[in-house]
Amino acid sequence: MRNFNYKNGTQIIFGKDTENSIGSEIKKYSSKVLLHYGGGSIKSTGLYDKVLNSLKNENIEVIELSGVKPNPRVSLVREGIDICRKHNIDFILAVGGGSVIDSAKAIAAGVNYNG
8 MRNFNYKNGT QIIFGKDTEN SIGSEIKKYS SKVLLHYGGG SIKSTGLYDK VLNSLKNENI
68 EVIELSGVKP NPRVSLVREG IDICRKHNID FILAVGGGSV IDSAKAIAAG VNYNG
């Protein structure tokens, strides 16, 4: 498989070991991140440590919201919204599958709205 970058409004960086560059990519936009993930598999595969090290190497402050389950609950989304508001987070990094990505999108959409 060849490494490649694909950019169409949203940049997608794909390839072997690209998770190690996540910190330098995010640093272009923010110095404070909500790291949003499920739990088990990203830790058992070592992905969690690689992502966290990359962020810390760029002096990016990391606040975590873990424990995403399939079909995430609104309570988790509300917790994420509260965390983002409290810590003035302006970047959400979703590491995981569909439920993690969906709840991260809901958090991002809800941060600027009351109700």
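Under my numbering, think of the first position of the sequence shown as 8, with each following residue one higher.
C-beta atoms are modelled at their ideal positions from N, C-alpha and C, and glycine is treated no differently.
Secondary structure within the stretch 48-72: the beta strand (DSSP E) runs of 3 or more consecutive residues, fully enclosed, are 68-72 (chain order).
Residues of the same chain with a CB within less than 6 Å of the CB of Ser106, apart from the 5 flanking positions on each side, are Val75, Pro77, Pro79 in chain order. Under DSSP, the beta-bridge partners assigned to Lys14 are Gln18. Annotated as proximal: Gly103 and Tyr44, with beta-carbon spacing under 8 Å. In the three-state reduction of the DSSP assignment, Val102 falls in the strand class. Distance check between Arg9 and each of Ile49, Phe98, Ile67, Lys23 places Lys23 closest, using alpha-carbon atoms only. Comparing alpha carbon positions, the residue from Asn121, Ser82, Ile67 closest to Arg92 is Asn121.
Among the bridge pairs identified by DSSP, Val40 is matched with Val69.
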